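Numbering (the working numbering), first residue to last: 1 to 157.
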């Protein structure tokens with residue numbers, strides 16, 4: 001997130017992170033980098049979209065390596081479900097995007113099905129995330145030879 005905020009100073013970014021350690025790390029990098037266009041919120045992303053974003057005000061929602069909750073009994077904890085996709089569609093402006101990057105193929109397939117159930121989203125098959133900066137997770141996964149799955153959806157009326 002910090003790399004995008006540094007590269008695009010004319011845009012505002014909000015990093016929403018549930019875990020204190022990760023939120024603190026992002027905030028420290030933003031302060032050290034003098035990134036006045038990056039804010040950090042420590043709360044659930046689903047709550048942020050549903051209750052704090054005005055309809056049609058978000059340009060891009062990026063989910064990078066969300067917890068896949070691989071056990072069947074834990075799947076209810078997954079972030080990118082149908083309700084999240086619907087709330088994201090309300091928050092996004094027309095032409096806005098929802099982007100997913102994960103290293104878990106099963107989660108990726110499941111999430112794509114969840115978003116497909118939301119009629120406001122259209123799959124953007126050409127998106128490969130080339131403009132997205134890499135993260136520590138991604139560098140680690142590449143070193144391990146793990147595949148990365150990416151998908152973007154565009155909000156339309």
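Don't be surprised by glycine CBs; every beta carbon is placed ideally from N, CA and C.
These figures come from a predicted structure and were not determined experimentally.
Our two residues, residue 17 and residue 92, have alpha carbons roughly 19 Å apart in a direct line.
Restricting attention to 23, 56, 28 and 29, the CA atom closest to the CA of residue 45 is found in 23.
CA-CA distance, residue 72 to residue 114, rounds to 15 Å.
Residue 112 carries a helical assignment under DSSP once its states are collapsed to helix, strand and coil. Cβ contact annotation for residue 153 (same chain, cutoff 7 Å, sequence separation greater than five): 97, 98, 115, 121, 122, 123 and 124, in chain order.
By the Cβ rule, the segment 50-68 does not count as touching the segment 23-37, because fewer than three pairs are nearer than 8 Å. If you look at residue 16, you'll find it in the beta strand (DSSP E) that goes 13-16. Considering only 19, 21 and 29, the residue with the shortest C-alpha distance to residue 5 is 29. Going by beta carbons, residue 89 and residue 112 fall outside the 8 Å limit. Within a 10 Å sphere around the beta-carbon of residue 108 sit 16 or more other beta-carbons, which makes this residue buried.
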